[in-house]
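Reviewing the structure listed below.
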Amino acid sequence: HVTEMSPISDYLKPAAFVLLPHVGGIGGAIITRSQIPVWYSNLVRAPWNPPKWVFGPVWTSLYTGMGYASWLVYKEAGLKSTPMYLYGAQLALNWAWTPMFFGAHKVGLACLDLLATLGLVVACAKEFSSVNQTAGRLMLPYIGWLCLAATLNIYIWFYNDSRTLSGEGASQQAKSKK
């Protein structure tokens, strides 16, 4: 009767790996949603900043791709392996960025987190490639997006004053509208 359960398990494990990155993404979306109208919309953003509607589909595809890549590596290298440790570390830093940036408005700290995430993702992709080339390739769009995200984060950090970054400017504007 174990054999009968195997086909279900064959689908549940990869699904869990694919869905795991989305857990932090959902949490991040909850934090982000409330901050866009009251804080983020008041920031000076880069001229190349994508429209708001792009972020959801991009992160959905990136989280799905990295989740599937982690599944491919897990199948061949196991959970207790350097590629999977790097994957876990970059995922933790990825999930930490949104509360830092949108929640605490610590744009400089979030920038450092993002750059550390990028470094870990590059190392992770290299390690993934040594185990499974498809897994390594699945990480490449994520690296590209993180490079873009870093430029956006740095721009916001450099071109906004500390009052605006801390959210004081937004709260003053809200009071003046009443």
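Be aware that the sequence shown starts at 9, since it is given in our numbering, and climbs by one per residue. Where is the CB? At the ideal position from N, CA and C, for every residue including glycine. Predicted model, so just to flag it, every value in this text is computed and none were measured.
Spanning the alpha carbons of residue 172 and residue 165 requires a straight line of approximately 10 angstroms. Across the set 168, 170, 80 and 175, the C-alpha of 80 shows the shortest separation from the C-alpha of residue 137. In the structure shown, the three-state DSSP call for residue 64 is helix. Counting of Cβ neighbours within 10 angstroms places residue 95 among the buried residues, the total reaching 16 or more.
For residue 112, no alpha helix (DSSP H) run applies, since DSSP gives it neither H nor E. Contact between the region 105-117 and the region 131-148 is not established, with fewer than three Cβ pairs separated by less than 8 angstroms.
Between the alpha carbons of residue 92 and residue 55 lies a distance of about 36 angstroms. Rounded to whole angstroms, the Cβ separation of residue 139 and residue 85 is 5 angstroms, and the two are in contact under 8 angstroms. DSSP places residue 91 inside the alpha helix (DSSP H), whose first and last residues are 90-106. Per DSSP, residue 154 is one residue of the alpha helix (DSSP H) stretching across 148-167. Here the alpha carbon of residue 163 sits roughly 10 angstroms from the alpha carbon of residue 57.
Scanning its chain for C-beta atoms nearer than 8 angstroms, with the 5 sequence neighbours on each side dropped, one finds around residue 104 the residues 121, in chain order.
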